[in-house]
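Have a look at the structure below, then the notes.
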């Protein structure tokens, strides 16, 4: 049953084209809506079992021989994410029905969205790491498709490519980490890996496994410095931003860290990296969010900063026996999904009704859109952590402050709560900007008269906002069914969660919250005074610029490398080939100590033979210096005729005969072409080129010589020629052994040698005869 | 004798390679011809030189020169002749078409 649940989105995606053509007058989203609603109710039905601490397993074989199977497990953590995915998925689909025009390519949109939903469910429910990885990449691909949904826009394509490159880079790192994990523990199941976590921690690859693993988690969850893809992903339609880039996909990295928490728990390195990167992301993301002028840009950086906060809490929980941190992380995962989802939807409504998302052009919308403004009020103040019991964001922020105060660790850890407060102050500032800029102040400078959004667009954010309020007022209603099972799935302990609103004045966190509100209000009030400070920083060192620099320079670098050796000059290629050949041979001879000279079993040197050999050498060298082409051809003939004389001396009559004839024909051919061939003009060579040529040719000759001498000195076996000599007459019926070999013993060689000649002849004919018509005319 | 012949073919290889690295098409073809001579000589040398009678069966002779390398060289000579003649005609056509025999100028276009 569980398998069916995960594959339902994929199966439904397949019938979308059918629905689109058959029922084109109804908005496609209404059919799609059934899928997440159905899944949501299905997951809700497990809540009872979660409270009792049960887990639901389900296995379907895929590649049993490699131990890769669809093993799905629902525990508290998977449950939390499944509910978010299907719940917010339902709301987003509902919202998109009113947001997207029927003229848009809805078939594509819902196909990608369902693909994403199924993949995301697969990520959070898989127990097999390779199946998890498969779904992980599925989310990258479907997110790429969704960001590039309006593919005719340049910026959409840029954003899609950027998110693809960064998340797939992290995905591959994650894959490497998974491979190492499965090698060290001998298992592909997360549950078994957790049981064998000693093997990972004690292995030599521990640091590598950890870093690759965190690379995967950090790129997906947009942690510093990999956050740069998320602001550019805002080119996606707003329902996509609300779904993928606030509530679900960007939390996949968080999920991963939480899921493998038990493996790395207690490792200082893990705790330090995760908390430091998280807290830096929190501070940097909120700092940059204030600078943005686009509603969705602010929300993107705010998402980055909130993800950093959750990540930091997981880090705090890992190394420092900090129980509250994990509870706070889980609580904030839930809260962030509610308020950020609603805020994205509100931003979409403003865009939809006014035609712009630029906060410099928006203002005074409260009078026109009171409901939207109310929804935005709850979302932004909850995000800011405003201390009122109706905002769930305040509760989790308070817990975050409590978790950030790390006792009895390094002195430098005092920086952590300071950074947390700074990040929260900026969070407060941008939240206020997000609410007050568009909804209050001057009347708008818009082209059209804005009016309240249709009811359909308001339903989804209203539901999310009601969650903000309900959880803000009664936080403990979700603590038993949702938070406690999730926390126990992360760190293996069942916590007693009782979330209070008020801790009294003796508590440090409450003072941190007050500090945030006071300084944040002041900074917001006088923002015109200090925001020019942002211009002090040049944009050159931003992560986006580093990304652009890397991507562009990869192309330039690849081009320059290629053009360095792909010059189009045959001489250069030959030099590289020969140089490599000589180099490898020389190194091999040197390493294997392969050179040896044996003076046994040598034929005596006779004067006529020596004279012929020396003549050939001189003639071959002479061809180099010939200025006259006919002389060069004739000197080449000397080498050939010398060779045939050597064949005579060495008792090879057939060879001598053939060589003589061939040499004559070749020389004749050279002379025949002679009239048409170019003159041997003197070409100027640079001295370095000449030296290089001499070095290459001399070392080639030298290498050939020593290999020949060495191999001659290492005869291991007798020749097989005795057989040919014995059987030449009896089997072949001929006295000339060479000829018998050629046509009888090894006749196949001869057949194809004839073919070669035939092909050469045909090629020559066609080269001379066949030309394009106009060439013949001219 | 075998060592001497190894050195001779090494020298031929050096001369052939030097010619291959030249710019003029004709020199490159001459280089390939010299290289094939060097290879043939090397094959023969490796099969031991100057042992016994020519490999033609006659009564009363028991020791013959190794016939197998000879058969191999014979095949090779014919093939290298085919290739050389083809290259020669190719050079002629190249020169006709492009009016240059300088390999540095015969680089093709960027799209090739």
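Chains as they are written, first to last, in the UniProt record's numbering: chain A, 1 to 778; chain B, 1 to 112. Note that CB positions come from ideal geometry on N, CA and C, so glycine has one too. None of these values were measured; they are calculated from a predicted model.
- Remark: C-beta atoms of residue 403 of chain A and residue 335 of chain A do not approach each other more closely than 8 angstroms.
- Counting C-beta pairs with one atom in each stretch, the segment 250-262 of chain A and the segment 581-600 of chain A have fewer than three that are closer than 8 angstroms, which means they do not touch.
- Around the beta carbon of residue 283 of chain A, 16 or more other beta carbons sit within 10 angstroms, so the residue counts as buried.
- Cβ-Cβ distances below 6 angstroms link residue 104 of chain B to 23 in the same chain, with the five nearest sequence neighbours on each side left out; the list follows chain order.
- When the alpha-carbon of residue 516 of chain A is set against those of A/641, A/381, A/620, the nearest one is in A/381.
- Collapsing the DSSP output to three states places residue 24 of chain B in a strand.
- For the C-beta of residue 82 of chain B, the chain A residues within less than 7 angstroms are, from N- to C-terminus, 756, 757, 760.
- Against residue 98 of chain B, chain A offers no close residue; the least beta-carbon distance is about 10 angstroms (beta-carbon pairs closer than 9 angstroms).
- Going by DSSP, residue 62 of chain A is part of the beta strand (DSSP E) stretching over 56-63.
- Nearest to residue 43 of chain B by C-alpha distance, out of A/643, A/660, A/519, is A/643.
- Residues of the same chain with their beta carbon placed closer than 6 angstroms to that of residue 34 of chain A are lacking, with the five preceding and five following residues left out of the count.
- Residue environment: residue 6 of chain A is assigned as buried (16 or more neighbouring CB atoms within 10 Å of its CB, all protein chains considered).
- Between residue 10 of chain B and chain A, the shortest Cβ-Cβ separation is below 8 angstroms.
- The closest CA to that of residue 713 of chain A, considering only B/25, B/34, B/48, B/9, is found on B/48.
- For a cut-off of 8 angstroms, the C-beta gap from residue 425 of chain A to residue 520 of chain A is around 5 angstroms, short enough to register as a contact.
- With 16 or more other Cβ atoms inside 10 Å of its own Cβ, residue 721 of chain A counts as buried.
- C-alpha of residue 48 of chain A to C-alpha of residue 36 of chain A: approximately 20 angstroms in a straight line.
- Residue 736 of chain A is bridged by DSSP to B/56.
- Residue-level contact by beta carbon holds for residue 651 of chain A and chain B, with a gap shorter than 8 angstroms.
- Under the three-state reduction of DSSP, residue 74 of chain A is assigned to strand.
- Distance from the CA atom of residue 490 of chain A to the CA atom of residue 258 of chain A, rounded to whole angstroms, is 6 angstroms.
- One alpha carbon belongs to residue 435 of chain A, the other to residue 377 of chain A, and they sit about 6 angstroms apart.
- In the same chain as residue 371 of chain A, and ignoring 5 residues on each side of it, the C-beta atoms closer than 7 angstroms to its own belong to 452, 458, in chain order.
- Nearest to residue 206 of chain A by alpha-carbon distance, out of A/70, A/454, A/268, A/240, is A/268.
- Segment contact: the segment 145-155 of chain A against the segment 192-207 of chain A, fewer than three CB-CB distances shorter than 8 angstroms; contact not assigned.
- Under the Cβ criterion of 8 angstroms, residue 654 of chain A is counted among the residues facing chain B.
- The C-beta separation of residue 220 of chain A from residue 159 of chain A comes to about 16 angstroms, leaving the pair out of contact by the 8 angstroms criterion.
- DSSP, read as helix, strand or coil, puts residue 64 of chain B in strand.
- The Cβ atoms of residue 84 of chain B and residue 666 of chain A lie closer than 8 angstroms to each other.
- When A/751, A/363, A/767 are compared, the shortest CA-CA separation from residue 442 of chain A is found for A/363.
- According to the DSSP assignment, residue 176 of chain A belongs to the alpha helix (DSSP H) that extends over 154-185.
- Residue burial annotation: residue 235 of chain A is buried, with at least 16 other C-beta atoms found within 10 angstroms of its C-beta.
- Sequence-ordered contacts of the segment 689-711 of chain A with chain B read 689, 692, 693, 694, 696, 697, 698, 699, 700, 701, 702, 703, 704, 705, 706, 707, 708, 709, 711 [C-beta pairs closer than 9 angstroms].
- In the three-state scheme derived from DSSP, where H, G and I count as helix and E and B as strand, residue 294 of chain A is classed as strand.
- In the pairwise beta carbon analysis, the segment 725-745 of chain A is classified as not touching the segment 611-623 of chain A: fewer than three pairs are separated by under 8 angstroms.
- Here residue 494 of chain A carries a coil assignment [DSSP, helix/strand/coil].
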